[in-house]
Structure formats: C-alpha cells, structure tokens
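Anchor point for the sequence shown: position 3 equals 3 in the numbering used here, and the numbering is continuous, going up by one each time. Comments concern the structure below.
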Amino acid sequence: MDFAMKSQRILFLLFCFMMNIIERNYAQTAKEFFSLAMKNIEQSDYTSAEKNFTLSIQLDSFFTEAYYNRAFVRDELKDFKGALMDYDRAIYLNPYDAGFYYNRALIKESLNNFQEAVTDYSESISRKPDNSSPWFNRGLIYLKLNDSEKACFDFRKALELGEKDASALIKIHCKKR
C-alpha cells in the first residue's frame, strides 16, 4: 500500500471517528429529544420545546407523553388547535388517563366550547373521581350554562374532596339543603 492510500484510509477512519463523536453530542432517540424538550420547558423556551417534542414524535409516533407535553407547550404558545390535536392523539393512545381529558377540557373551556368541556371533565371524573379539580371546573361551567343544580352538586363534591374555593361558591349560588 502506498503512502497516498494509507493517508486516505487514515483520513477516512479519522472522519468516521469524528462523525461518531459529533453524533453522540446530538439527540438520536425519541427519549433524548423528549428530555431536551423537558429542559426547554424548565427554561420557558416553549418554541424549542415544541420543536424537540415534534422530533421525538417523528421518531416514535406512539410516544404518548410527547403528545401530551407538546399539547401543554402549544397551549403556552397560544396554538389551541394544535394543543387540541395533541390531546386528541394522547387520548387515542391512552384513553385511561384522567389528566389528558382534564387538560383538553381546559382548552375547550378557554375556547368557550362549554358542552365539549363538560364532556371531557366528566370523562376525567369517571377515570379519577377523587380529584376535586374537574368537579370544581365542571361546576363553574354549569354556572355559565345556568344550571345551578348541577353546579351546586359539583361544588359540594369538590368541597368534599378538599377544594376550598368551592365553599364560597356554594354560599353564593346554592340553596341550603
């Protein structure tokens, strides 16, 4: 082997070695992109978090937590349509998580889709009935829909489960029984 061929071979091996080192410095798996996105959230860098969650999802389209967290980020970025789509996908992948329904209900409520929000709060309650928040929030929507009987039922249940703010609303809106 002549000197030129040895040099080329050495350069090629050096190039491969350097590329390997460079690749190790960049995320390669869905979980690594997910971790980067979570760090972005800690720094309130929601634009970068959305990009990293998207890369994570591109590598693993069944990564439920990536959809769920990207929905949160999209909500922070005021991309409510995108957030709803991500919550829909997370629920499709894991229809048993009460939190997915609860957070989707919050988005729907903020968009004044009250009936859909009631449905999602109800789904959240059916999956985790000991959580006071969906009871309380559903009660607030019932008030907006002028259904004080249902609102009062939900406020009482929320209070029973530890939601202190429900007490004041019960005093204002609910007849003593």
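All residues carry an ideal CB built from backbone N, CA and C; glycine is no exception. Every value quoted in this text rests on a predicted model; they were computed, and no experiment measured them.
Continuous alpha helix (DSSP H) stretch holding residue i: start and end
i      : result
Gln28  : Counting along the chain, Gln28 falls outside any alpha helix (DSSP H), and DSSP gives it neither H nor E.
Gln115 : 114-127
Tyr102 : 98-110
Leu145 : First-last for Leu145: undefined, no H or E at that position.
Asp86  : 80-93
Lys175 : Unbroken run through Lys175: none, as it is neither H nor E.
Leu161 : Careful: Leu161 lies outside any alpha helix (DSSP H) and carries neither H nor E.
Leu55  : 46-59
Asp75  : 64-76
From the options, residue whose alpha carbon lies closest to that of residue i
i      : options                        : result
Ala49  : Ser35, Phe153, Gln58, Phe155   : Ser35
Tyr92  : Ile41, Val118, Asn146, Phe62   : Phe62
Leu145 : Asn112, Asp120, Lys175, Ala166 : Asn112
Leu55  : Leu169, Val118, Glu42, Ala37   : Ala37
Phe72  : Pro95, Tyr96, Asp45            : Asp45
Asp147 : Glu123, Val118, Lys78, Thr64   : Val118
Lys150 : Glu163, Lys175, Lys164         : Lys175
Lys81  : Ile170, Asp97, Glu109          : Glu109
Asn52  : Gly99, Glu42, Glu32, Gln43     : Glu32
Asn40  : Lys157, Asn69, Leu59           : Asn69
Glu42  : Glu76, Asp60, Ala30, Tyr67     : Glu76
Ala168 : Phe136, Lys78, Tyr96           : Phe136
Leu59  : Asp97, Gln28, Ala83            : Gln28
Tyr96  : Arg104, Ala83, Ser126, Arg74   : Ser126
Glu65  : Ala105, Asp154, Arg89, Ile10   : Arg89
Leu84  : Ala30, Asp154, Tyr67           : Tyr67
Asn94  : Cys152, Arg74, Ser124          : Ser124
Beta carbon of residue i nearer than 8 Å to that of residue j
i      : j      : result
Asp130 : Leu161 : yes
Tyr87  : Ile57  : no
Tyr101 : Ser133 : no
Leu143 : His173 : yes
Arg104 : Ser122 : no
Phe128 : Ala98  : Per the sequence shown, the amino acid found at residue 128 is Lys instead of Phe. In this structure, Ala98 lies closer than 8 Å to Lys128 by Cβ.
Ile170 : Phe155 : yes
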